[in-house]
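**Q**
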C-alpha cells in the first residue's frame, strides 16, 4: 500500500483540505491512523498541560461565556443577521442614538447605537456599539474607530473569516445592521470610548491600498478637518461622533 | 497499547462530546472545551508575538468568533485532536494579526503562570519533557521546539531548520515516537498521571 506523504498526513490531521485520495486512504489504513493518533495524543497532552495564571484564565473565561451567550449567532449567522435588529432591541439598553441624513446617493443614513451589554460582569465596565446603516444602492462598507490620532479598522476585519462581520457584501439597498449580529458588535472600555467613527461606502469592494490610504489620511489629518479632507477624496465618507451617555 | 495516560484518551473523547453538545446549542459545553485550551492558545499566540493582556484578549475573542462560525462543520474537520485543529486555527489567525503588528517572538521553553489543578504534576511533566526533548537529535529537537512549543506550521518550521515540509513532517512522527518512549520510561504513562 502506498501511504501519503507525512506532510499530507499532518495537514489532513489538522483539518486542512488535502487531496481526496489522502482522506480515502485514511479510512482503510490502520498504520497511518495509528501514527496520527500518536501525534494527536502528544498534542493533546501538551495542550492540556499548558498553564495560565488563574486571574487571566478567569478573565478569558468571561470573554468566552459572553461570546457564547448567543449561540444562535454561531449556528445560523445569516438568519441572525436578518433578525439582528430585533435581537439587539431585546438584549441592549439603547442609551443614545445619532441620526444623520446625507446625500441621496449611496449612503442614506445611519444610527450609532451605544449600549451596555446585558451579559457582562458590571465590574468589567465595557460598552458596545453597532450601526444601523441605510443605503439606497448596493454598497460595500468600511468602518474605522478613532482613538486619539489612531484610526483602528473595524471593518473589513483582518481575519478573512470575519471580514464583513457576518454581513453579505455588498449590502443591497435598504436598512442593515453592522455588524450583522450582536455577538460581533464593537466593544470598548467605558472609560475610553472612541472619539469618533469613520464610515466609508464604496460601489466596488475597496482594495487594500484604498483602505491603507484612508488610514494614512486619518493618521495625518487634524480631526476638525478630517470630514472635509475625507469627503474631498471619498465623497461617501462620513466622520461620525460616538453618542455620549 | 496507548502510551499516554488514559486521561489523555479520555480528553480526546471528552472534546468530541463537548463539541457535539456545543454544536447542539449548549454554550456551557463550548466554554468548558475552550477553557481546557486557553492556556495552550495563549502559549502559541505568545510565541507568535501576540502580547498578553488586552491584545491577547482581543485575539482570543477573534478566535472564539472564528470557531463559532466554523462550529457547524467543525466536528467533520476534527480528524484526530482538537488541539491539532486549534493550533492550525491559531496559526492562521496569527498570520492575519501579524499584518498589523509585528512584535518580537518569545522563546521560553515552559509555559508561564501556574495552573490551579495539579501544579506539581504539571511541573514534573514539563521537566520530564525538557529532559526527553534534550535527548533528541539536534534537528528533531529544533523541529519539536518550533512545531510543538511555538506552534509553527510545517512550512515555517522547514524554513527555520533549512529543510522542506515533508522532511519536517517525517521528523515530527519520529520525534513523537522518541518522546513517547522516553516519557513512558519516566513513568508518564499510567492512568491518572498529569491529567
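Chains as they are written, first to last, in the working numbering: chain E, 1 to 245; chain X, 246 to 440. Cβ atoms here follow ideal geometry from the backbone N, Cα and C, with glycine treated the same way. The structure displayed is predicted, hence computed values, not measured ones.
(1) Give the secondary structure of residue 111 of chain E by DSSP, where H, G and I count as helix, E and B as strand, and everything else as coil.
(2) For residue 430 of chain X, does the three-state DSSP call read helix, strand or coil?
(3) By Cβ distance below 8 Å, which residues in the same chain neighbour residue 412 of chain X in space, the five residues on each side in sequence not counted?
(4) Would you mind reading off the limits of the alpha helix (DSSP H) that contains residue 132 of chain E?
(5) Quick check on the burial criterion: 16 or more other C-beta atoms within 10 angstroms. Buried or exposed for residue 167 of chain E?
(6) What does residue 63 of chain E touch in chain X if you count any residue whose Cβ is under 8 Å from its own?
(7) Between residue 147 of chain E and residue 192 of chain E, is the Cβ-Cβ spacing less than 9 Å?
(8) Under 9 Å, CB to CB, which of the residues in the region 215-241 of chain E have a partner in chain X?
(9) What's the C-alpha gap between residue 223 of chain E and residue 26 of chain E?
(10) Is the beta carbon of residue 256 of chain X less than 9 Å from the beta carbon of residue 210 of chain E?
(11) Tell me, to the nearest whole angstrom, how far the beta carbon of residue 41 of chain E is from that of residue 280 of chain X; I am working on the premise that it is less than 8 Å.
(12) Looking at chain E, which residues of the region 275-299 of chain X have a Cβ within less than 8 Å of any of its Cβ atoms?
(13) Counting only Cβ-Cβ distances shorter than 9 Å, please list the residues of the region 132-156 of chain E near chain X, keeping chain order.
(14) Which residue spans inside the region 154-222 of chain E form an unbroken beta strand (DSSP E) run of at least 3?
(15) Our contact map puts residue 283 of chain X next to residue 342 of chain X with C-beta atoms below 8 Å; I'd like the distance itself, whole angstroms only.
(16) Between the region 326-338 of chain X and chain E, which residues of the former have CB atoms less than 8 Å from a CB of the latter, in chain order?
(17) Contact between the region 172-181 of chain E and the region 131-140 of chain E: three or more CB pairs below 8 Å?
(18) Any contact between the region 387-395 of chain X and the region 414-423 of chain X? By contact I mean 3 or more CB pairs, one from each, below 8 Å.
(19) Could you list which residues in chain X have their beta carbon closer than 8 Å to that of residue 42 of chain E, in chain order?
(20) Can you name the residues of chain X whose CB is closer than 8 Å to the CB of residue 180 of chain E?
(21) Kindly indicate if chain E contains any beta-carbon less than 9 Å away from that of residue 256 of chain X.
(22) With a CB to CB cut of under 8 Å and the five nearest residues on each side skipped, what residues in its chain are close to residue 56 of chain E?
(23) For a contact meaning CB atoms closer than 9 Å, what does residue 365 of chain X contact in chain E?
(24) Sorted by chain position, which residues of the same chain lie with C-beta nearer than 8 Å to residue 377 of chain X's C-beta, five sequence neighbours on each side aside?
(25) Go through its chain and collect everything with a Cβ distance to residue 189 of chain E's Cβ below 7 Å, but skip five positions before and after it.
(26) Starting from residue 142 of chain E, trace the beta strand (DSSP E) both ways and give me its first and last residue.
(27) When DSSP labels each residue in this structure, what does residue 151 of chain E get in the three-state scheme?
(28) Please state whether the Cβ-Cβ distance between residue 339 of chain X and residue 64 of chain E is less than 9 Å.
(29) Identify whether residue 227 of chain E lies in helix, strand or coil by the three-state DSSP scheme.
(30) Can you pull out the residues from the region 399-417 of chain X whose beta carbon lies closer than 8 Å to at least one beta carbon of chain E?
(31) Scan the region 6-26 of chain E for residues whose Cβ lies nearer than 9 Å to a Cβ of chain X and list them as they occur along the chain.
(32) Kindly indicate which residue of E/110, E/69, E/201 has the alpha-carbon position closest to the one of residue 241 of chain E.
(33) So, under 8 Å CB-CB, residue 316 of chain X and residue 334 of chain X are touching, yes? Tell me the CB distance rounded to an integer number of Å.
(34) In the region 26-38 of chain E, which residues sit with their C-beta less than 8 Å from some C-beta in chain X, listed in chain order?
(35) Against chain X, does residue 125 of chain E count as a neighbour if the rule is that its beta carbon must be under 9 Å from one of theirs?
(36) Are the Cβ atoms of residue 164 of chain E and residue 156 of chain E separated by less than 9 Å?
**A** Taking the structure as given:
(1) strand
(2) helix
(3) 403
(4) Premise fails: residue 132 of chain E lies in the beta strand (DSSP E), 126-135, not in any alpha helix (DSSP H).
(5) buried
(6) 302, 305, 306, 309, listed in chain order.
(7) yes
(8) Identification of residues in the region 215-241 of chain E having a C-beta nearer than 9 Å to some C-beta of chain X yields an empty set.
(9) 59 Å
(10) no
(11) The Cβ separation is near 20 Å, so there is no contact.
(12) 275, 276, 279, 280, 281, 282, 283, 284, 285, 287, 288, 297
(13) Residues 153.
(14) 174-178, 186-189, 196-202
(15) Under the criterion of beta carbons closer than 8 Å, residue 283 of chain X and residue 342 of chain X do not qualify as touching, at roughly 17 Å.
(16) The residues in question are 326, 327, 328, 329, 330, 331, 332, 333, 338.
(17) Output reads yes: the region 131-140 of chain E touches the region 172-181 of chain E.
(18) Touching, yes, given that three or more Cβ pairs across the two stretches are closer than 8 Å.
(19) 249, 393, 421, 424, 425
(20) Chain X residues near residue 180 of chain E: none, gap ~11 Å exceeds 8 Å.
(21) At least one CB of chain E lies nearer than 9 Å to the CB of residue 256 of chain X.
(22) none
(23) Chain order gives no chain E residues near residue 365 of chain X, where near means a beta carbon separation below 9 Å; the closest approach is about 12 Å.
(24) 423, 424, 427, 428, 431
(25) 125, 126
(26) 140-147 is the extent of the beta strand (DSSP E) around residue 142 of chain E.
(27) strand
(28) no
(29) helix
(30) 399, 410, 411, 413, 414, 415, 417
(31) 6, 7, 8, 9, 10, 11, 12, 13, 14, 15, 16, 23, 26
(32) Nearest neighbour of residue 241 of chain E by Cα position, chosen from E/110, E/69, E/201, turns out to be E/110.
(33) Residue 316 of chain X to residue 334 of chain X, Cβ: 12 Å. No contact.
(34) 26, 35, 36, 37, 38
(35) no
(36) The Cβ-Cβ distance between residue 164 of chain E and residue 156 of chain E falls below 9 Å.
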